[in-house]
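4 protein chains.
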Amino acid sequence: MDPERLHKMLDPDGAGTAARLFRAAHHALVAIGTGIVLADSVPSLRQAHGGLLAVLFCLVSAGFAIEYAARCYAAPAAPAARHRPPLRVRLAWACSPGGIVDLLSAAAGIAGLVLGGGDALLLGLVWLCKLVRYAPGLSILGRVVGRAHRALLSLLLGFGIVLVGASSLAFVFEHNAQPQRFGSIPTALWWAIVTVTTTGYGDAVPKTPYGRLLAGLIMVGGILVLALLAAILASFYADEMRRHAFLNTWRVVAGLPFFQQVGAPIVADVARLLRPRDYPAGAVVCRRGEPGDCMYFIASGTVEIRVNPAPLRLGSEQFFGEIALLTGAPRNATVVAVEPCTLLRLDIADFHALMAQQPELASIIKEEAERRLGPAPAAAGERVA
Amino acid sequence: MDPERLHKMLDPDGAGTAARLFRAAHHALVAIGTGIVLADSVPSLRQAHGGLLAVLFCLVSAGFAIEYAARCYAAPAAPAARHRPPLRVRLAWACSPGGIVDLLSAAAGIAGLVLGGGDALLLGLVWLCKLVRYAPGLSILGRVVGRAHRALLSLLLGFGIVLVGASSLAFVFEHNAQPQRFGSIPTALWWAIVTVTTTGYGDAVPKTPYGRLLAGLIMVGGILVLALLAAILASFYADEMRRHAFLNTWRVVAGLPFFQQVGAPIVADVARLLRPRDYPAGAVVCRRGEPGDCMYFIASGTVEIRVNPAPLRLGSEQFFGEIALLTGAPRNATVVAVEPCTLLRLDIADFHALMAQQPELASIIKEEAERRLGPAPAAAGERVA
Amino acid sequence: MDPERLHKMLDPDGAGTAARLFRAAHHALVAIGTGIVLADSVPSLRQAHGGLLAVLFCLVSAGFAIEYAARCYAAPAAPAARHRPPLRVRLAWACSPGGIVDLLSAAAGIAGLVLGGGDALLLGLVWLCKLVRYAPGLSILGRVVGRAHRALLSLLLGFGIVLVGASSLAFVFEHNAQPQRFGSIPTALWWAIVTVTTTGYGDAVPKTPYGRLLAGLIMVGGILVLALLAAILASFYADEMRRHAFLNTWRVVAGLPFFQQVGAPIVADVARLLRPRDYPAGAVVCRRGEPGDCMYFIASGTVEIRVNPAPLRLGSEQFFGEIALLTGAPRNATVVAVEPCTLLRLDIADFHALMAQQPELASIIKEEAERRLGPAPAAAGERVA
Amino acid sequence: MDPERLHKMLDPDGAGTAARLFRAAHHALVAIGTGIVLADSVPSLRQAHGGLLAVLFCLVSAGFAIEYAARCYAAPAAPAARHRPPLRVRLAWACSPGGIVDLLSAAAGIAGLVLGGGDALLLGLVWLCKLVRYAPGLSILGRVVGRAHRALLSLLLGFGIVLVGASSLAFVFEHNAQPQRFGSIPTALWWAIVTVTTTGYGDAVPKTPYGRLLAGLIMVGGILVLALLAAILASFYADEMRRHAFLNTWRVVAGLPFFQQVGAPIVADVARLLRPRDYPAGAVVCRRGEPGDCMYFIASGTVEIRVNPAPLRLGSEQFFGEIALLTGAPRNATVVAVEPCTLLRLDIADFHALMAQQPELASIIKEEAERRLGPAPAAAGERVA
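Chains as they are written, first to last, in the working numbering: chain A, 29 to 413; chain B, 29 to 413; chain C, 29 to 413; chain D, 29 to 413.
Quick look at the structure:
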């Protein structure tokens with residue numbers, strides 16, 4: 029099989045049928061594998077079907093071994109790896125976190141067989157880590173926690189000091205009344221952590237008045253820590269979302285044929301000039317016959333270009349209204365938002381100022397305009413409005 | 029009965045007496061119905077009054093059946109359905125989520141009778157879902173959760189991996205010490221979920237040192253997850269509120285007679301030009317005799333126009349001060365905020381720039397001005413300031 | 029005693045010695061009173077010192093009765109009540125929430141005596157409500173909750189539906205296994221509320237697999253509700269803080285002698301023109317001999333005007349640098365922030381534009397300037413920079 | 029040993045090898061000391077190794093005594109204390125919170141020996157406080173809590189009123205059913221605090237219907253308080269982060285040789301003119317041969333200046349692109365972000381406006397330019413782009 033096609037099939041965000049099927053099979057295999065490990069830990073099930081579970085376990089491992097081989101084989105087909113020697117790319121992939129998790133997943137079966145009986149099948153839980161590849165949001169959360177790590181570590185240190193202090197005091201107050209529960213600081217520490225996180229199992233409860241006062245204080249301290257934690261993370265998350273939104277605008281602009289040849293500084297300028305604007309479903313973005321004073325890039329949502337004979341629909345990362353920037357003619361179609369959408373608007377004045385500053389960009393745009401307005405029929409959606 | 033009047037009566041946000049009465053009856057019926065279901069589940073009450081409860085249950089169902097018929101009959105009177113065939117509108121309504129809940133509510137009585145005894149009356153709990161129609165805030169919350177679903181799903185995946193991992197470790201650490209509580213991973217999973225959400229029933233508590241260390245870690249992990257959840261939702265909620273505020277401005281502008289004929293693009297431009305400004309109660313917004321340099325739209329709150337003989341009050345979505353934009357004459361009345369209010373201010377310069385760009389809008393405004401300043405007495409509140 | 033002086037003494041934010049002493053006595057009385065009520069509820073203490081506690085209770089009530097009389101007598105001295113008939117002002121005060129709480133506080137002693145024995149002294153807990161007058165932050169929190177009430181009620185409705193639904197399901201799953209704990213929906217409701225708020229007493233715990241699955245789901249649902257609640261309140265609180273900051277700017281401007289005679293619309297314009305800027309401690313705000321291009325109002329913090337012979341200190345709501353706006357002369361002193369402070373900066377260009385638009389304001393300012401630059405020594409801090 | 033070198037070694041943020049080694053030793057000593065205190069509280073360990081633990085305890089104390097002496101000796105070498113008499117500086121240090129904690133840490137050993145046996149070793153827990161010096165984030169959190177203290181105290185007051193009210197009601201409802209658990213208000217208070225913080229030990233649980241209704245209400249009230257707490261802190265934390273970011277910009281600008289001589293007002297103006305902009309890794313910031321229209325200060329991250337023969341890397345608080353502001357020549361190098369970074373951009377127009385307004389600044393910059401463009405090779409990274 030062709031590495032290119034294989035790579036597309038294995039791509040976590042792939043849109044083709046093969047990619048979808050592979051994704052479904054992968055997730056099913058992880059679910060089955062986890063089910064096997066869970067079932068094997070139940071004594072009655074293991075006694076009744078232990079052999080069957082071990083066989084299934086090895087089959088799942090074999091499945092992941094095949095995936096490992098496929099991913100390793102297809103690694104050189106990744107866009108970023110085109111011009112590097114295949115062997116080095118494969119080695120680099122094998123040493124990446126994803127590659128290591130895949131190797132462990134593939135090896136779980138062999139390890140299970142070798143170690144035999146007991147709780148060897150627990151090794152299969154590494155399979156759950158394979159799902160991380162399919163959850164891009166986790167990397168955002170990881171970045172938020174990473175950026176906030178100083179504040180979080182400081183909070184954790186304060187938390188630890190309070191915890192040890194509280195358990196020492198609880199030990200002093202309670203160890204005569206309840207030597208079983210508060211007989212030493214490490215024992216009292218268990219009570220303190222259960223209390224400060226407001227879990228409250230109830231297996232260790234202070235009985236003396238001072239112990240209860242202390243408990244009340246650290247419960248309130250616990251919800252203060254939780255609130256501070258939420259405050260810190262909310263602040264950093266909102267920041268990360270803003271950064272994400274700017275980089276998205278950047279990506280939309282950088283992905284347009286207009287701007288691909290002129291390089292990052294102009295892209296940055298254009299990204300800064302774009303004004304995001306929200307439209308409710310059904311709103312008319314522009315009307316046929318109006319003067320065209322701006323162009324739009326679609327950040328999210330779908331718009332409908334009402335041209336004859338059939339309306340066109342444009343989605344995320346596409347653009348419209350650029351003809352007006354080049355010809356000065358009025359809009360040649362009405363554009364309507366078919367679902368709530370966010371458009372990035374580039375004003376004609378900003379656009380012309382940009383062209384005056386950047387002769388390189390101006391010549392690219394003129395060539396592009398000639399191509400589009402030339403005799404060949406323009407690509408759908410690129411010649412409207 | 030006229031479908032129009034019926035539709036107004038059934039409108040969840042209706043302001044008339046009929047609508048109010050219907051709302052009260054509806055909520056009372058839901059409350060009574062829920063009370064019946066709850067009472068029927070109590071063995072002593074069911075033994076004593078089982079028959080009465082069943083009869084009341086059927087009566088409540090009958091009430092909802094009447095409501096179902098009325099809503100179905102009145103559906104074609106909805107503003108959005110004016111020009112479509114009534115039968116199709118009724119069918120569309122019956123297949124909408126609201127229609128299905130209403131059908132199930134009406135059918136609960138029959139199902140209860142058919143299934144008879146046992147816990148059949150539990151079907152009546154579908155009635156609670158009828159209240160969702162009266163809680164517009166739930167749809168905002170639903171939209172927030174919907175927009176955040178990627179981040180939430182990723183967090184949930186991480187949560188699930190931690191949960192399974194923690195219960196496997198707890199199983200390893202504790203299953204010898206407490207075979208009853210931690211004898212298999214599924215059993216330990218119960219402990220893990222109770223612990224990580226900081227519920228802490230106390231029915232399963234680790235006893236070994238490693239088990240307690242693990243418990244402490246996942247309790248802290250649990251409050252971290254809660255804080256992350258709050259952070260994600262706070263970020264998306266603030267975003268949704270901003271979007272909501274912009275769409276509100278849009279709605280206020282789009283609802284004005286001035287702008288209704290000129291279409292969405294101008295509305296968007298005007299909405300962008302409006303500057304929201306908060307006034308405390310008692311603040312003077314403008315004074316008689318001052319030059320008029322802007323007009324105001326009321327986003328929320330009430331203002332008093334101090335004209336002779338009696339002052340006028342204007343509320344949400346009304347406007348004032350527009351005569352100055354048209355005639356250049358000084359303000360002819362003082363305007364005072366009678367409660368804290370938010371006004372949207374449109375500057376005269378922005379307004380004239382808009383008119384120069386949009387001859388279509390200019391002619392509409394001139395006609396409007398002539399109508400208002402004409403011989404016929406202008407509508408209250410439209411000719412002041 | 030003079031009502032004016034009495035009113036100042038009773039003012040919750042009063043700065044004089046009498047006000048401080050009264051505040052201390054008031055808080056001490058509330059603390060003692062609450063202590064009496066708490067002590068009286070302890071059987072052993074009541075048996076030993078019941079009579080003493082009852083006497084002390086009546087003494088505290090008598091103290092509050094005197095306060096009630098004093099507040100009633102002093103009510104007409106409030107600034108807002110100067111021109112109204114004293115009797116009507118006193119009646120209005122007696123009917124306000126504060127007046128009613130004070131009346132109940134004064135009457136608690138009589139009620140305690142009349143009702144005698146039992147738990148009559150519990151009436152004294154109304155005294156705690158007297159503290160609300162001294163916590164201005166509570167009114168902000170109340171306003172936040174008030175503004176967010178739609179969203180909160182919707183969330184509460186969703187919460188209630190989930191609660192009833194969950195307890196019905198728990199009843200279905202568990203009532204055979206644990207008829208004691210889950211024998212009816214109302215009984216199961218107790219379990220549901222304890223679980224969904226993650227309190228987890230552990231007195232009712234599901235035992236069947238389905239019951240546990242349901243419990244896990246509603247625990248996660250509970251932390252989702254908590255996170256949504258935090259998200260809603262955070263959004264509205266940040267909004268309220270912004271509004272508060274704007275109204276503070278407004279209040280600073282409106283409190284200046286410059287602007288007091290020109291009325292609200294100009295104040296609003298000036299408030300809009302002011303740019304808040306933060307300075308770290310030690311930063312030089314402006315330097316002697318520099319051209320003066322703006323004036324500053326102090327929103328918070330303290331600055332030092334380095335004039336001979338001794339430097340002056342200006343604090344919150346004072347202003348400096350206005351001479352430069354009037355004379356065009358260079359700064360006549362260096363100004364340094366002595367603690368981190370926020371200044372509101374008004375640019376000279378904005379100020380002159382404002383004066384051109386508002387001849388009324390211009391003439392006031394010129395009179396003010398002549399007064400300050402006249403032969404009489406200017407007030408400290410008003411003639412610098 | 030030289031006080032200067034000693035001071036650098038003791039600096040919590042010191043970068044040298046000595047500072048690192050000292051930090052490691054310090055943290056290890058705190059960890060060991062805490063471990064000793066914890067171990068000594070365990071009866072079995074104390075019986076077996078009591079003497080050894082006491083000896084180790086004194087050794088750790090001795091270590092901290094040496095640190096105390098060293099810090100005291102090195103105090104006059106702190107940059108802020110250069111020109112003051114050494115004895116006074118040492119006394120001031122000894123009276124600062126850090127000095128007091130260090131003294132107590134050093135004295136713990138002697139106190140332990142003098143008090144002997146019992147729980148004397150608990151005094152060693154003061155050592156944990158020494159770690160606060162190494163957690164700068166705690167001071168930010170402290171500042172947030174400090175700024176929010178009004179709102180927090182008000183919330184705490186409301187919380188306290190609810191708590192006492194709830195426990196009184198619980199006492200009324202439950203004290204007949206459970207005299208053991210709810211026999212007095214102070215006893216019921218324990219239940220109330222355990223419930224309202226959603227800890228839920230389960231040692232006191234209401235049994236009457238009214239008691240349970242009350243419990244449900246205060247559980248919901250508890251999560252509302254937690255959400256309000258998170259909302260307040262999130263708002264103040266975001267505010268503090270903004271202030272922090274502005275002061276960071278200020279610090280970057282104030283640290284540049286350009287601006288050090290012109291004083292704070294210009295620094296404030298420049299800080300206001302800077303526009304932070306995020307660049308993804310790999311983005312081209314500017315290109316060789318382009319006209320230079322701005323200069324950049326690096327707020328965070330690293331950029332690579334692609335000059336011959338070897339590219340240069342610039343990091344936080346460095347700057348580039350300033351030659352273009354002075355000579356008008358095109359960029360002489362391409363600059364690429366090697367990791368995601370935030371640059372502060374100063375536009376050429378703003379810069380020239382600033383120079384026109386500030387002749388003092390203009391002459392400094394011209395001197396600087398002549399120095400850099402003069403015959404001597406400029407410092408690396410200062411003559412590029």
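All C-beta atoms, glycine included, are put in the ideal place defined by N, C-alpha and C.
When the options are compared against residue i, the one with the closest alpha-carbon
i, options, result
"CYS322 (chain D)", "D:PHE348, D:TYR162, D:GLY310", "D:PHE348"
"LEU156 (chain B)", "B:VAL88, B:ALA109, B:ILE221, B:PRO104", "B:VAL88"
"THR362 (chain D)", "D:LEU38, D:ALA105, D:ILE333, D:LEU301", "D:ILE333"
"ALA47 (chain C)", "C:LEU38, C:HIS55, C:HIS54", "C:LEU38"
"GLY78 (chain D)", "D:LEU149, D:ILE246, D:THR277, D:ARG209", "D:LEU149"
"ALA98 (chain A)", "A:PRO107, A:ASP130, A:CYS86", "A:ASP130"
"GLY140 (chain A)", "A:MET269, A:HIS55, A:TYR238, A:ILE64", "A:ILE64"
"ILE94 (chain C)", "C:ALA53, C:VAL331, C:GLY250, C:ALA262", "C:ALA53"
"PRO71 (chain C)", "D:ILE376, D:ASN204, D:ALA179", "D:ASN204"
Contact check, residue i vs residue j, beta carbons under 8 Å
i, j, result
"ASP231 (chain C)", "VAL190 (chain D)", "no"
"ALA365 (chain A)", "GLY329 (chain A)", "yes"
"ILE326 (chain D)", "GLY310 (chain D)", "no"
"ALA198 (chain A)", "ALA216 (chain A)", "yes"
"ARG373 (chain A)", "LEU302 (chain A)", "yes"
"LEU159 (chain D)", "VAL298 (chain D)", "no"
"VAL248 (chain C)", "PHE187 (chain C)", "no"
"SER69 (chain C)", "SER212 (chain D)", "yes"
"ARG271 (chain D)", "ASP306 (chain C)", "yes"
"VAL83 (chain D)", "ALA103 (chain D)", "no"
"LEU66 (chain A)", "ARG74 (chain A)", "no"
Delimiting residues of the alpha helix (DSSP H) encompassing residue i
i, result
"ARG68 (chain D)", "At residue 68 (chain D) the sequence reads Asp, which differs from the Arg that was named. Per DSSP, ASP68 (chain D) belongs to the alpha helix (DSSP H) from 45-68."
"ALA179 (chain A)", "177-202"
"LEU34 (chain A)", "31-38"
"THR223 (chain A)", "213-224"
Residue i beta carbon near the ligand SAM (any heavy atom closer than 7 Å)
i, result
"GLN75 (chain B)", "Ligands displayed in this structure: none; no statement on the ligand SAM is therefore possible."
Run of the beta strand (DSSP E) containing residue i, from where it starts to where it stops
i, result
"VAL417 (chain C)", "Lying outside 29 to 413, the shown extent of chain C, residue 417 (chain C) is not represented and no answer is given."
Short-range partners of chain C found in the stretch 218-230 of chain A, where Cβ spacing is below 9 Å: Residues THR226, THR227, GLY228, TYR229, GLY230.
Secondary structure, beta strand (DSSP E): runs of 3+ residues fully inside the stretch 100-126 of chain A: For the beta strand (DSSP E) assignment, the stretch 100-126 of chain A encloses no uninterrupted run of at least 3 residues.
Secondary structure, beta strand (DSSP E): runs of 3+ residues fully inside the stretch 306-348 of chain D: Within the stretch 306-348 of chain D, complete beta strand (DSSP E) segments of at least 3 residues are found at 312-314, 322-328, 331-334, 340-342, given in chain order.
Contact residues within the stretch 256-269 of chain D, judged by C-beta distance below 7 Å to chain B: Near chain B, meaning a CB-to-CB distance below 7 Å, the residues of the stretch 256-269 of chain D are ALA258, ALA262.
Residues, ordered as in the chain, of the stretch 182-206 of chain D that lie near chain C by beta-carbon distance below 7 Å: Those residues of the stretch 182-206 of chain D that come within reach of chain C (Cβ to Cβ, closer than 7 Å) are SER182, LEU183, LEU185, GLY186, ILE189, VAL192, GLY193, SER196, PHE199, VAL200.
Interface residues of the stretch 51-71 of chain D facing chain A [CB-CB below 8 Å]: Flagged, chain order: THR62, VAL65, LEU66, SER69, VAL70, PRO71.
Chain-ordered residues of the stretch 234-248 of chain C with a beta carbon less than 7 Å from chain B: Hits within the stretch, in order: ARG240, GLY244, MET247, VAL248.
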